[in-house]
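Read the structure below first, then the notes.
Numbering (our numbering), first residue to last: 391 to 711.
Right, here's the structure in full:
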């Protein structure tokens with residue numbers, strides 16, 4: 391069951407840290423929406439804190455088993471009838487979230503959001519495009535763009551599209567009306583990007599399992615990092631972790647068991663046989679087979695010289711002129 395929890399702070403970062411601390415979650419696992427941006431008042435008057443809405447998955451409480459009361463003792467033995475089985479209580483259906491009808495203020499808010507998106511796209515000199523939108527569950531506004539030349543709106547790896555969506559969300563929730571989540575898509579880019587990231591995560595995780603070494607992916611935004619973590623968590627023998635700070639925060643895939651410490655530090659492991667040691671052993675072995683080397687010529691006594699002098703004099707004796 392999904393539960394929404396609200397957290398506040400002086401800044402958005404402080405609100406996120408409070409949510410991570412209260413929910414015991416890492417920052418990359420935190421799924422939140424900005425409800426209210428912080429505002430500074432005049433001399434402390436009229437200031438507003440930052441407010442975020444966090445979606446948390448809560449496990450259903452296990453149902454207590456009904457305890458059967460023991461049968462009262464009977465004086466005379468008699469045939470015991472099997473006790474009737476207790477009927478299981480009917481499972482209660484989870485109450486569906488009540489969808490409130492759109493008010494005039496809500497409709498005006500949606501018109502303001504759509505107009506803002508059109509103004510941004512027109513300012514980017516994009517022509518011949520179609521903008522459609524629909525509202526789901528009374529609070530999710532899905533905006534879809536179709537047409538040619540929308541690459542400038544998507545940007546590099548969807549960075550421009552994410553930026554427009556973020557700014558649109560801020561504009562949407564400045565007015566006093568119900569909270570609206572904005573999702574901006576262009577030509578099914580979100581779906582294609584999600585499939586690409588899933589295939590990338592599977593491919594790199596298989597390489598980590600094969601070679602036993604960690605692999606660092608390129609920097610990604612929180613939405614794309616969550617896709618990588620979700621895909622890796624479904625595979626055995628590997629796990630993932632986010633490191634760094636935005637905008638350079640990235641995902642690293644690790645093997646669950648490392649071969650040795652050298653592999654963990656990214657060093658190459660020397661093979662079990664030391665080739666250099668084997669060469670030295672072969673060289674010494676061949677030397678022993680050939681026998682000892684003869685004495686240097688300088689140590690051989692000259693003809694006619696007394697043997698005693700040759701034995702007593704050093705190798706390099708003093709030469710008198």
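Beta carbons are placed, not taken as given, at the ideal position from N, Cα and C, and that holds for glycine.
Around the C-beta of residue 663, are 16 or more other C-beta atoms found within 10 angstroms, so that it is buried, or is it exposed? Residue numbering aside, residue 663 sits at position 273 when the chain shown is read from its first letter. Reliability fails at residue 663, whose pLDDT of 47 lies under 50, so the model's placement of it is uncertain and the value that follows must be treated cautiously. Label assigned to residue 663: exposed.
On the DSSP letters alone, give me the boundaries of the beta strand (DSSP E) that residue 537 sits inside. As a working mapping, residue 537 is identified with position 147 in the chain shown. Unbroken beta strand (DSSP E) run through residue 537: 530-537.
Who does residue 645 pair with in a DSSP beta bridge? Mapped onto the chain shown, residue 645 falls at position 255. Answer is 628, bridged to residue 645.
Which runs of the beta strand (DSSP E) fall wholly inside the stretch 516-601 and span at least 3 residues, in chain order? 519-526, 530-537, 571-576
Top-ranked residue by Cα proximity to residue 604, from 552, 594, 612: If you number the chain shown from 1, residue 604 lands on position 214. Taking only the C-alpha atoms, the option nearest residue 604 is 594.
Looking only at C-alpha atoms, which of 420, 640, 607 sits nearest to residue 395? Within the chain shown, numbered from 1, the residue matching residue 395 stands at position 5. Answer by Cα proximity: 420.
Which value, in whole angstroms, describes the spacing of the CA atoms of residue 413 and residue 516? Walking along the chain shown from the start, residue 413 turns up at place 23. Walking along the chain shown from the start, residue 516 turns up at place 126. Cα to Cα, residue 413 sits roughly 43 Å from residue 516.
Starting from residue 503 and walking both ways along the alpha helix (DSSP H), at which residues does that stretch end? As a position in the chain shown, residue 503 is number 113, starting the count at 1. Per DSSP, residue 503 belongs to the alpha helix (DSSP H) from 494-513.
Alpha carbon to alpha carbon, how far is residue 616 from residue 563? Give it in angstroms, no decimals. For this step, residue 563 is matched to residue 173 along the chain shown. For this step, residue 616 is matched to residue 226 along the chain shown. Distance between the alpha carbons of residue 563 and residue 616: 25 Å.
Check whether the stretch 577-595 touches the stretch 393-407, taking contact to mean three or more Cβ pairs, one atom from each stretch, closer than 8 Å. With a cut-off of 8 Å, the stretch 393-407 and the stretch 577-595 do not count as touching, because too few Cβ pairs lie within range.
Looking only at C-alpha atoms, which of 426, 411, 416 sits nearest to residue 401? For the purposes of this step, residue 401 is taken as the residue at position 11 of the chain shown. Relative to the Cα of residue 401, the nearest Cα in the group 426, 411, 416 belongs to 426.
Check the Cβ-Cβ distances between residue 426 and every residue of chain C, and say whether any is below 9 Å. The question asks about chain C, but that chain is absent: this structure has only one protein chain.
Would residue 630 and residue 618 qualify as a contact pair, given that the criterion is a beta-carbon distance under 9 Å? For this step, residue 630 is matched to residue 240 along the chain shown. For this step, residue 618 is matched to residue 228 along the chain shown. Closer than 9 Å, so yes.
Let me make sure I understand the geometry here. Which of 625, 608, 525, 623 has the alpha-carbon closest to that of residue 639? The residue given as residue 639 occupies position 249 in the chain shown. Residue 608 is the option with its Cα nearest to residue 639.
Take the Cβ of residue 422 as the centre, count every other Cβ of all protein chains shown within 10 Å, and call the residue buried at 16 or more, exposed below. In the chain shown, residue 422 corresponds to position 32, counting from 1. It is buried - the Cβ of residue 422 has at least 16 other Cβ atoms within 10 Å.
From 510, 579, 635, 504, residue whose alpha carbon lies closest to that of residue 522: Numbered from 1 along the chain shown, position 132 holds the residue referred to as residue 522. When only C-alpha atoms are compared, the closest one is 504.
Taking the beta strand (DSSP E) that residue 424 belongs to, which residues open and close that run? Here residue 424 is taken as the residue at index 34 of the chain shown, counted from 1. Per DSSP, residue 424 belongs to the beta strand (DSSP E) from 422-426.
Kindly indicate which three-state DSSP category residue 623 falls into: helix, strand or coil? Within the chain shown, the letter at position 233 stands for residue 623. Look at residue 623 here: in three-state DSSP terms it is helix.
CB-CB under 7 Å to residue 579, same chain, minus the five flanking residues each way: which ones, in chain order? By one-based count along the chain shown, residue 579 stands at place 189. Taken in chain order, the residues that qualify are 544, 548, 551.
When you compare only the Cα positions, how much space is there between residue 513 and residue 430? Taking the first residue of the chain shown as 1, we reach residue 513 at position 123. Taking the first residue of the chain shown as 1, we reach residue 430 at position 40. Straight-line Cα distance between these residues: approximately 30 Å.
Please report the straight-line C-alpha distance between residue 572 and residue 559, rounded to a whole angstrom. Locating residue 572 in the chain shown gives position 182, counting from the first residue. Locating residue 559 in the chain shown gives position 169, counting from the first residue. The alpha-carbon atoms of residue 572 and residue 559 are separated by roughly 6 Å.
Looking at the structure shown, is residue 394 part of a helix, part of a strand, or coil, going by DSSP? For the purposes of this step, residue 394 is taken as the residue at position 4 of the chain shown. The answer is strand: DSSP assigns residue 394 an E or B state.
What residue does the alpha helix (DSSP H) around residue 403 start on, and which one ends it? One-based indexing of the chain shown puts residue 403 at position 13. Per DSSP, residue 403 is one residue of the alpha helix (DSSP H) stretching across 402-413.
Look up residue 640 in the DSSP assignment and say whether it is helix, strand or coil. As a working mapping, residue 640 is identified with position 250 in the chain shown. Here residue 640 sits in strand by DSSP.
Can you tell me which of 542, 417, 519, 557 puts its alpha carbon nearest to the alpha carbon of residue 612? Taking the chain shown and counting its residues from 1, the one referred to as residue 612 is at position 222. Closest option to residue 612, Cα to Cα, is 417.
In or out: residue 409 buried (at least 16 other Cβ within 10 Å) or exposed? For this step, residue 409 is matched to residue 19 along the chain shown. Looking at its Cβ environment, which holds 16 or more other Cβ atoms inside 10 Å, residue 409 is buried.
Using 8 Å for Cβ pairs, my map puts residue 537 next to residue 518. What's the rounded Cβ distance? On the chain shown, position 147 is the one that residue 537 refers to. On the chain shown, position 128 is the one that residue 518 refers to. About 5 Å; that satisfies the 8 Å criterion.
State the beta-bridge partners of residue 605 as determined by DSSP. In the chain shown, the residue the question calls residue 605 occupies position 215. BP columns for residue 605 point to 643.
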